[in-house]
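Visitor:
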Amino acid sequence: MRALNLFVTLFVLIAASASSHALKITTPLIHRDSRFSPLYNATATAADRAERYVQASLARHAFFARHASLISSTTMSSDEDTVIDHASFYVNFSIGDPPVPQLAIMDTGSSFTWVKCLPCTPCSSGSGAVAPFDPSLSKTYSARGCTSQCRRCTTGYAGKVPSHCMYTLDYLGGDHSEGIYSTEQLTFRTSDDGIATVPDVQFGCSTNLTGTNPFHKILTGIFALGGIQKMSYGETPLVVKLGSVFSYCVGDVFDHSYPYNRLSIGAGDADLAGDSTPFRTNDLGHYFLRLQNISLGGEVLGIPSQVFANISDVQGILIDSGSELSFLYSAAYDVLKAEVRKRASSVLTEVGGRRGLELCYSGSVSKEGRGFQALGLHFADGAELVVESSGMFIQAGDGVFCLAVVRSESFSIVGMMVQQGYNVGYDLNESRVYFQDIDCQLLEG
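Reading the sequence shown from the start, the letters are residues -22 to -1, 1 to 423 in mature numbering (1 follows the signal peptide of the UniProt record, and there is no 0).
#1: For Asp359, does the count of other Cβ atoms within 10 angstroms reach 16, so buried, or fall short, so exposed?
#2: Residue range of the alpha helix (DSSP H) that Ser308 falls in?
#3: Comparing C-alpha positions only, which one of Leu296, Tyr226 and Lys94 sits nearest to Leu197?
#4: Look up Ala121 in the DSSP assignment and say whether it is helix, strand or coil.
#5: Between which residues of its own chain and Phe166 is the CB-CB distance below 6 Å, once the five residues before and five after are set aside?
#6: Under the three-state reduction of DSSP, which class applies to Asp298: helix, strand or coil?
#7: Any idea what DSSP makes of Ser114, helix, strand or coil?
#8: Under the assumption that Thr86 contacts Asp298 (Cβ atoms under 8 Å), give the Cβ distance between them as a whole number of angstroms.
#9: Cβ of Ser368 within 7 Å of Cβ of Asp178?
#10: To which residues of the same chain is Lys320 closer than 7 Å at the C-beta, ignoring the five residues directly before and after it?
#11: Look at the Cβ atom of Cys338, then the Cβ atom of Cys380, and state whether they are nearer than 7 Å.
#12: To the nearest angstrom, report how far apart Asp274 and Tyr18 are at their CA atoms.
#13: Can you tell me whether His9 is helix, strand or coil according to DSSP?
#14: Compare the Cα-Cα distances from Thr327 to each of Asp249, Ile272, Gly377 and Ala251 and report the closest residue.
#15: I'd like the span of the beta strand (DSSP E) that includes Ser254, first residue to last.
#16: Going along the chain, which residues of its own chain have a beta-carbon closer than 8 Å to the beta-carbon of Leu279, five neighbours each way excluded?
#17: On a Cα-Cα basis, can you pick out the residue from Ile416, Ser390 and Ile391 that is closest to Gln398?
#18: Among the candidates Ser304, Tyr412, Ala361 and Ser342, whose CA atom is the shortest distance from the CA of Gly393?
#19: Which whole-angstrom value describes the C-beta separation of Asp233 and Gln414, a residue pair presumed to lie in contact below a C-beta threshold of 8 Å?
#20: Distance check for Gly347 and Asp75, CA to CA, integer angstroms please.
#21: Buried or exposed: where does Glu387 fall if 16 or more other Cβ atoms within 10 Å of its Cβ makes it buried?
#22: By the DSSP assignment, the beta strand (DSSP E) with Phe413 in it spans what residues?
#23: What is the residue span of the alpha helix (DSSP H) that Asp85 lies within?
#24: In the structure shown, what three-state DSSP assignment does Tyr31 receive?
#25: Hey, Tyr265 and Ser390: beta-carbon distance below 7 Å or not?
#26: Hey, out of Val223, Arg130, Leu241 and Val218, whose CA is closest to Ala82's CA?
#27: Quick check: the Cα distance between Arg268 and Thr118, rounded to an integer number of angstroms?
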C-alpha cells in the first residue's frame, strides 16, 4: 500500500497542457514481484516465482503459436488476443481531467491500449487495487460514435453519446475484456519530475471483464507498445502519436528493490543508443529481429540463421516484453544445450529438469552459477545482447537452477531475462531496435 500511495501522490496533480510532439515522457516501470508492486508477495519462494515465470512464458509462447496463421489478417486490432497472466512490468500514468491514477501492463505484443472503466462488470477491487476510471466525471472524455466500420455497437453510455463503437478482446485462459472505443487525455511524469499531458489518446474503455486472473482485481489495463502504425478504425496508437520512438530499461528482474526500471516515450526522451538491428512487424504489430548466431563465452556456436523462427512470411526471432524466459527453435536449442552441458560438466552437478526447463544444476545462480560463460545473441548489422549467468539461468527452487531458455518447435522469443541490464530502444520510423548495455540508474537525470 505504501508504494501505491506514493504512486497516487505522484500522479494526482494538475496537468499542464503541452503539444504531443514536444513531450518528454519517462515513467517508472514496476516489476510484478518488486516491493513497489501491489502484487508483491514477500513470502513467495524462488520456486513459486520460477513456476509463475515458466507457466506465463509458456502461455505467451502458445498465444503466438496459435496466431501464427493469422498474422496476415487485417481485422485483428479489435479482437487481438494476448496473454496477461502474470505479466512482467507495469506502467504508471493518469487518465482524464481531473487525472485518475492507473497501473497497467506494459506490452510490446499489443497495439491497443485499454483501461478498466465504470460502470464495470464485475467491478470489485482487491486489496491495494487502483480504482477504475469513471468517464462520467472527466471533462475530456469522449466515446466513439457508432459507424459502419464498427463490428458492434450499443447505446447509452455515461450520458455522453446515444450510440458507440465496441471492442472485444479474448485472452488465453478464458479472460475477456469488452468496452467502448474512446478518446481521453493521459498524464505522465516527465524525466525532470514534472508532468506532461497527451491529449486525444485513443483507447478502450473496458466495462466488461471476465476471468480468474488477479489482474482484474488489482491492475487497470494494458499499455500497448506494439508496432502497428494505424489501427483498423483509423486509431493512432500512443507511441505513434508521440513520434514513433520508445525505450525501456530494466535491471536484475530478481532484485525486488531495484528502483530504476523505466519506460521513455517520444523522440525527445526515448534513448536510442548502442548498436542497432532492423526489425520487421507483422499485422498484429509484433516485433521480429534477425538472429544470426549464438555464442557462449565469446565463441560463436555456428548455428545457421535459417534454423530460427519462420512465421508465415515474417522470418526472425520475436522480441517481447511479456515473456520472462526466452525460446529457441529446437535445432538451435539442441546446439546451445549441448554446449552448456559440455562446458558445465567439470564445474556443475546436473540434476533432472524442472517445470518445463530441461537443463538444470545443483546449487544457486548467485553462487555455483556465478561466472559461467556469458550467452550472446547476435543480430543483423552487428547488434548483440550478451547476458551473464543472472540472465542466462533461473533459480527454479531451493538448491536448483536451470537454463532459462526453452525449446520451441515453432519459433523463437527474446524474453526479458536476457534483456535485463540493457536499455532497449525502438525506432518505428526507421524500423530499428537499439541495445545499450547500461545500468538503468545512469539514465537518470
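C-beta atoms are modelled at their ideal positions from N, C-alpha and C, and glycine is treated no differently.
Computed from a predicted structure; not experimentally measured.
Guide: By the coordinates alone:
#1: Reading the sequence shown from its first residue, position 381 is the one you call residue 359. With fewer than 16 other Cβ atoms within 10 Å, it is exposed.
#2: As a working mapping, residue 308 is identified with position 330 in the sequence shown. Per DSSP, Ser308 belongs to the alpha helix (DSSP H) from Ser308 to Ala322.
#3: Taking the sequence shown and counting its residues from 1, one reaches residue 197 at position 219. Measuring from the Cα of Leu197, the nearest candidate turns out to be Lys94.
#4: Residue mapping note: residue 121 aligns to position 143 of the sequence shown, counting from 1. The answer is strand: DSSP assigns Ala121 an E or B state.
#5: Numbered from 1 along the sequence shown, position 188 holds the residue referred to as residue 166. Here the set comprises Ile3, Thr5, Phe71 and Ala174.
#6: Taking the first residue of the sequence shown as 1, we reach residue 298 at position 320. In the structure shown, Asp298 sits in coil (DSSP, three-state: anything other than H, G, I, E or B).
#7: Against the sequence shown, residue 114 aligns to sequence position 136. In the structure shown, Ser114 sits in a helix (DSSP, three-state: H, G or I).
#8: Counted from its first residue, the sequence shown places residue 86 at position 108. Counted from its first residue, the sequence shown places residue 298 at position 320. The Cβ separation is near 6 Å, so the contact holds.
#9: Within the sequence shown, residue 368 is the residue found at index 390, counting from 1. Within the sequence shown, residue 178 is the residue found at index 200, counting from 1. No; because the gap between Cβ atoms is not below 7 Å, this pair is not in contact.
#10: On the sequence shown, position 342 is the one that residue 320 refers to. Counting only Cβ-Cβ distances below 7 Å, and skipping sequence neighbours, we find nothing.
#11: Position 360 of the sequence shown, counting from 1, holds the residue named residue 338. Position 402 of the sequence shown, counting from 1, holds the residue named residue 380. Their beta carbons are under 7 Å apart, which means Cys338 touches Cys380 by this criterion.
#12: The sequence position of residue 274 within the sequence shown is 296, counting from 1. The sequence position of residue 18 within the sequence shown is 40, counting from 1. Looking at the sequence provided, one finds Leu at residue 274 rather than Asp. If you take the alpha carbons of Leu274 and Tyr18, they lie about 34 Å apart.
#13: Locating residue 9 in the sequence shown gives position 31, where the first residue counts as 1. Looking at His9 - three-state DSSP - the assignment turns out to be strand.
#14: Mapped onto the sequence shown, residue 327 falls at position 349. Closest option to Thr327, Cα to Cα, is Gly377.
#15: Locating residue 254 in the sequence shown gives position 276, where the first residue counts as 1. Ser254 -> beta strand (DSSP E) spans Asp253 to Thr259.
#16: Taking the sequence shown and counting its residues from 1, the one referred to as residue 279 is at position 301. Once the five neighbours on either side are set aside, the close Cβ partners of Leu279 are Asn271, Ile272, Ser273, Val313, Leu314 and Glu317.
#17: In the sequence shown, counting from the first residue as 1, residue 398 sits at position 420. Selected option, being the one with the closest Cα: Ile416.
#18: Numbered from 1 along the sequence shown, position 415 holds the residue referred to as residue 393. Looking at the Cα atoms, Ser304 is the closest of the given residues.
#19: Here residue 233 refers to the residue found at position 255 of the sequence shown. Here residue 414 refers to the residue found at position 436 of the sequence shown. Wrong, their Cβ atoms sit about 19 Å apart, outside the cutoff.
#20: Numbered from its first residue, the sequence shown carries residue 75 at position 97. Numbered from its first residue, the sequence shown carries residue 347 at position 369. Each residue's alpha carbon lies about 51 Å from the other.
#21: If you number the sequence shown from 1, residue 387 lands on position 409. Classification of Glu387: exposed, given that the 10 Å Cβ count is below 16.
#22: Here residue 413 is taken as the residue at index 435 of the sequence shown, counted from 1. Where Phe413 is concerned, the enclosing beta strand (DSSP E) stretches over Arg410 to Asp415.
#23: Here residue 85 refers to the residue found at position 107 of the sequence shown. Per DSSP, Asp85 belongs to no alpha helix (DSSP H); it is in the beta strand (DSSP E), Val78 to Asp85.
#24: Numbered from its first residue, the sequence shown carries residue 31 at position 53. If DSSP states are grouped into helix, strand and coil, Tyr31 belongs with the helices.
#25: Within the sequence shown, numbered from 1, the residue matching residue 265 stands at position 287. Within the sequence shown, numbered from 1, the residue matching residue 390 stands at position 412. No. Outside cutoff.
#26: Start at 1 with the first residue of the sequence shown, and residue 82 comes out as number 104. Among Val223, Arg130, Leu241 and Val218, the Cα nearest to that of Ala82 is on Leu241.
#27: In the sequence shown, counting from the first residue as 1, residue 268 sits at position 290. In the sequence shown, counting from the first residue as 1, residue 118 sits at position 140. Between Arg268 and Thr118, the C-alpha separation is close to 43 Å.
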